[in-house]
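Asks: Encoded as C-alpha cells, here's the structure I'll be asking about.
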Ligand code: NAP
C-alpha cells in the first residue's frame, strides 16, 4: 500500500512561497497544496510554479460555496486553473458539484488534468502524456452529512484520479464515520477523507492507518487552510506519524472538551519509550449520554478502527459505567465503588472492561509524600473537599487504605450521600476550616484554570502539620498549594495523581510496567510550569 503523504497548505504569499515550500520540505512535507483562492497573489503563484518546485503541488482555487475565498466568477476561475495547470504536473482539485455543473469546466480543466473522462474504454489515458491528476472533492463546513456513504459513493461514481471529502465534525463520532468511509473508498481509489474542527483531529492523524492519499498539516500554527489541521511538528512529533501503519492500535481520551488534555502527550511519549505500535488521540465527544453512547456504538460496530483503550474524562466517567452496564461490559469492583469509569479497555474478542485509575493514581500520589511513604494510612485523618467524581475516587481509595475520611461539600446532601455509601463522615462546607486533619485533599474544581485566584480553604485554616493535596493540576501550583507552602505544609501536586493514573492506564492496556520517567519527562517538558493547558 502506498504510504500516506503529508501535505502542507500554502495560504499566503508572505513569506515567499518558495521559502515556505523549502521549510515545508525540511519539516517533512511530501506535497504542497497551493490554495490560490486564499493566497490571492496570482503572479506569486505563477512565479513559484515556473521555478519548478521540488515538491509536487495540488492546485486549488476553492469557490465560496464550498468554503473557499474565490471572489471571481466561474469562467475566470476555470481560466485561471487552466493557465496555472499548464505550468505544472501535479494535482488539480475541483469540487464535484462544479465539475458536474459546468461542461466548460470539464472541458477546460480536462485539458490540464488527466481526467478519466478522457480515458479510453479500457481505462488507458486517451492522451499520451497526462499533465495533472484530478481530485474531485466535496466539502461541508456546517456538518458531516448523515448520508456520508452516499456522498462518497457520488464521488466514486464520477471518474477521477482521487476523491476528497472534508466535513465539519460535530465531535469525534463524525471523525470515526469519516474513517470508516476512508477505509472503504481507499480500496477503490486514492482517497482523502477529512473531518474538520477539533472533533475531527483523529481522522487527520489516523489517515495513514487507513490508507489515505494524504493528510493536511500546517507548517506553523495559523497556517491552517481548514479548521482542526495539526501542525506538521505535532503530527510527526506528538503523534509519531512516521510510525503509524495499518496494524497500529488506537487509544484516546474521550471527554468534552479535551482540547487541552495532556493525555495525548503522556501516552504517546509512553508508547514511544516502550516501543509500542500505538497512537493516542483526543476524542472530544459531546457532553450528553446519547452522544457518548453513539460514539461507543461506532467504536463497537467497527472493530477495524482498532480502538483498544480509552481514557474517559469529564463529563463521561459516569456515562462509561452506564454504557458498560447497558452493553454487557465488565466493571471492576473499584470502578463500581467509585461510581465512575475513567479507563476502558477492549479485549481481543471485543469485550469491554471499565476500571478506575484515579483512585490508585491518587494513592500513589499520596504515597509520593515522605509522610505517607509506608502506604499505610490507618490513623490518618483526611479531609476531602468536594463530592463529585474525583472525590468519589479519593474517598474510596483513602477508606480502603485505612484513613479516616471526612467530606465537606458545597452541596451538603452530596457529601452525606457519598459518606454514607463509602464509610466516611460528612460535615458542613462551612465547617471545613475548623476540622482538625492530617491530610487535606481538594477535589472541587475551585482554583482550576482560568479561575486561578481562588482557593477552597482560607489560608489561615492551613495547619503546618497537615499535608495539602490539590487534585487540580491546571495550573500545577494552584492558589491552595501556594498558600499551603507559605503556611509551611507539605504539598502534593495534582499532576502527580495525573501521572500515576495514566501510568495505571498504560499497565492495563499494554501490560508490564509503565515507563514512568518518560511519562514524567513528557509532562514536565510539555509546557511551562503553571501555563494554562
Ligand atoms: P465534578 O464531578 O464536577 O465535581 C466538582 C466538585 O467541585 C463538586 O463537589 C462541586 O460541588 C465542587 N465545586 C465546584 N464549584 C464550586 C464552588 N464554586 N464552590 C464550592 N464547591 C464547588 O468534577 P470532578 O470530576 O470531581 O473533578 C473535580 C476536579 O478534580 C477537577 O477540577 C480536576 O481538575 C480534578 N481532577 C484531577 C485529576 C488528576 O488526575 N489530578 C483527576 C480527576 C479530577 P457541588 O456538589 O456543590 O456542585
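In the numbering used here, the protein residues as written are 752 to 1284.
A virtual CB, placed ideally from N, CA and C, is assigned to each residue, including glycine.
(1) Quick one: using the 10 Å Cβ neighbour count with 16 as the cut-off for buried, is residue 1252 buried or exposed?
(2) What is the C-beta distance between residue 1258 and residue 1265, in whole angstroms, given that I count them as a contact (C-beta under 8 Å)?
(3) Is the number of C-beta pairs between the segment 1170-1186 and the segment 1100-1120 that are closer than 8 Å three or more?
(4) Evaluate residue 837 with the Cβ neighbour count: other Cβ atoms within 10 Å of its Cβ, from every protein chain shown; 16 or more gives buried, anything less gives exposed.
(5) If residue 1234 and residue 1206 are in contact, beta carbons under 8 Å, what's the gap, nearest whole angstrom?
(6) Comparing C-alpha positions only, which one of 1271, 1227, 967, 1040 sits nearest to residue 915?
(7) What did DSSP end up calling residue 1015 once you bin it into helix, strand or coil?
(8) How long is the line joining the alpha carbons of residue 996 and residue 1153, rounded to whole angstroms?
(9) One question on the structure: do residue 1230 and residue 1262 come within less than 8 Å of each other, judged by their Cβ atoms?
(10) Along the beta strand (DSSP E) that carries residue 1106, what are the first and last residues, could you check?
(11) Among residues of its own chain, excluding the 5 on either side of residue 977, which ones have a beta-carbon nearer than 6 Å to its beta-carbon?
(12) Tell whether a beta-carbon distance below 8 Å holds between residue 862 and residue 833.
(13) Are at least three pairs of beta-carbons, each pair with one atom in the segment 1123-1137 and one in the segment 1089-1101, less than 8 Å apart?
(14) Sorry if obvious, but does the Cβ on residue 1249 come closer than 7 Å to a heavy atom of ligand 1?
(15) Would you grab the beta carbon distance between residue 1110 and residue 1051 for me? Rounded to a whole angstrom, and I think it's under 8 Å.
(16) Please state whether DSSP places residue 776 in a helix, a strand or coil.
(17) Would you kindly work out how many angstroms separate the C-alpha atoms of residue 1137 and residue 1046, rounded to a whole number?
(18) Between residue 1031 and ligand 1, is there a pair consisting of the residue's CB and a ligand heavy atom that are separated by less than 7 Å?
(19) The alpha helix (DSSP H) with residue 1031 in it runs from where to where?
(20) Can you list the residues near ligand 3, meaning Cβ strictly closer than 6 Å to any non-hydrogen atom, in the order they appear in the chain?
(21) Would you be able to state if there are at least three C-beta pairs under 8 Å between the segment 1009-1020 and the segment 802-822?
(22) What first and last residue would you give for the beta strand (DSSP E) that runs through residue 1002?
(23) Are there 16 or more other CB atoms within 10 angstroms of the CB of residue 1182, so buried, or fewer, so exposed?
(24) Return the first residue and the last residue of the alpha helix (DSSP H) that residue 927 is part of.
(25) Checking the sheet assignment: what are the DSSP bridge partners for residue 883?
(26) Could you pull out every unbroken alpha helix (DSSP H) segment of at least 4 residues lying fully inside the segment 936-980, listed in chain order?
(27) Roughly how many angstroms lie between the CA atoms of residue 908 and residue 894, to the nearest whole one?
(28) Going by DSSP in three states, residue 814 sits in which element: helix, strand or coil?
(29) Tell me the DSSP secondary structure of residue 878 in three-state form.
(30) DSSP three-state label for residue 1132, please.
(31) Which residues share a DSSP beta bridge with residue 888?
Replies: To lay it out plainly:
(1) Locating residue 1252 in the chain shown gives position 501, where the first residue counts as 1. By the 10 Å Cβ count, residue 1252 comes out buried.
(2) Sequence index remark: in the chain shown, residue 1258 carries index 507 (1-based). Sequence index remark: in the chain shown, residue 1265 carries index 514 (1-based). Going by Cβ atoms, the distance from residue 1258 to residue 1265 rounds to 6 Å, so yes, they are a contact pair.
(3) Verdict: no, contact absent.
(4) Translated into positions along the chain shown, residue 837 becomes position 86. When all chains shown are included, residue 837 counts as exposed.
(5) Walking along the chain shown from the start, residue 1234 turns up at place 483. Walking along the chain shown from the start, residue 1206 turns up at place 455. Contact flag correct, Cβ pair sits at about 6 Å.
(6) Taking the first residue of the chain shown as position 1, residue 915 is located at position 164. With distances taken between Cα atoms, residue 915 lies closest to 967.
(7) The count along the chain shown starts at 1 and reaches residue 1015 at position 264. If DSSP states are grouped into helix, strand and coil, residue 1015 belongs with the helices.
(8) In the chain shown, residue 996 corresponds to position 245, counting from 1. In the chain shown, residue 1153 corresponds to position 402, counting from 1. Looking at the two C-alpha atoms, the distance is approximately 47 Å.
(9) Along the chain shown, read from residue 1 onward, the residue named residue 1230 stands at position 479. Along the chain shown, read from residue 1 onward, the residue named residue 1262 stands at position 511. By the CB criterion at 8 Å, residue 1230 and residue 1262 fall outside the cutoff.
(10) Position 355 of the chain shown, counted from the start, is the residue given in the question as residue 1106. First-last of the beta strand (DSSP E) with residue 1106: 1103-1106.
(11) Here residue 977 corresponds to residue number 226 of the chain shown, with the count starting at 1. Answer for residue 977: 947, listed in chain order.
(12) For the purposes of this step, residue 862 is identified with residue 111 of the chain shown, where counting begins at 1. For the purposes of this step, residue 833 is identified with residue 82 of the chain shown, where counting begins at 1. Yes; because the gap between Cβ atoms is below 8 Å, this pair is in contact.
(13) Segments in contact, no.
(14) On the chain shown, position 498 is the one that residue 1249 refers to. The closest heavy atom of ligand 1 lies less than 7 Å from the beta carbon of residue 1249.
(15) Within the chain shown, the letter at position 359 stands for residue 1110. Within the chain shown, the letter at position 300 stands for residue 1051. Not confirmed; about 26 Å, so no contact.
(16) Locating residue 776 in the chain shown gives position 25, where the first residue counts as 1. Residue 776: helix per DSSP, three-state reduction.
(17) Sequence index remark: in the chain shown, residue 1137 carries index 386 (1-based). Sequence index remark: in the chain shown, residue 1046 carries index 295 (1-based). Using only the alpha carbons, I get a separation of about 30 Å.
(18) As a first step, residue 1031 is located in the chain shown; it is residue number 280 there, counting from the start. A distance criterion of 7 Å places the beta-carbon of residue 1031 beyond contact range of ligand 1, judged by its closest non-hydrogen atom.
(19) Residue numbering aside, residue 1031 sits at position 280 when the chain shown is read from its first letter. Segment 1029-1035 is the beta strand (DSSP E) holding residue 1031; no alpha helix (DSSP H) there.
(20) This structure simply doesn't include ligand 3; it includes ligand 1 instead.
(21) These segments do not touch.
(22) Residue 1002 sits at position 251 when you count from the first residue of the chain shown. Here the beta strand (DSSP E) through residue 1002 covers 1000-1006.
(23) Along the chain shown, read from residue 1 onward, the residue named residue 1182 stands at position 431. With a 10 Å radius around the Cβ and a threshold of 16 neighbouring Cβ atoms, residue 1182 comes out exposed.
(24) Reading the chain shown from its first residue, position 176 is the one you call residue 927. The continuous alpha helix (DSSP H) containing residue 927 extends over residues 923-937.
(25) Working through the chain shown from its first residue, we reach residue 883 at position 132. Residue 883 pairs with 864.
(26) Runs of the alpha helix (DSSP H) lying entirely within the segment 936-980 and spanning at least 4 residues, in chain order: 952-956.
(27) As a position in the chain shown, residue 908 is number 157, starting the count at 1. As a position in the chain shown, residue 894 is number 143, starting the count at 1. If you take the alpha carbons of residue 908 and residue 894, they lie about 22 Å apart.
(28) Sequence index remark: in the chain shown, residue 814 carries index 63 (1-based). If DSSP states are grouped into helix, strand and coil, residue 814 belongs with the strands.
(29) Start at 1 with the first residue of the chain shown, and residue 878 comes out as number 127. Any reading at residue 878 must be qualified, since the residue scores a pLDDT of 48, below 50, and its modelled position is unreliable; the value itself is stated next. In the structure shown, the three-state DSSP call for residue 878 is coil.
(30) By one-based count along the chain shown, residue 1132 stands at place 381. Shown here, residue 1132 sits in a strand according to DSSP, grouped into three states.
(31) Start at 1 with the first residue of the chain shown, and residue 888 comes out as number 137. For residue 888, the pairing in a beta bridge is given by DSSP as 846, 915.
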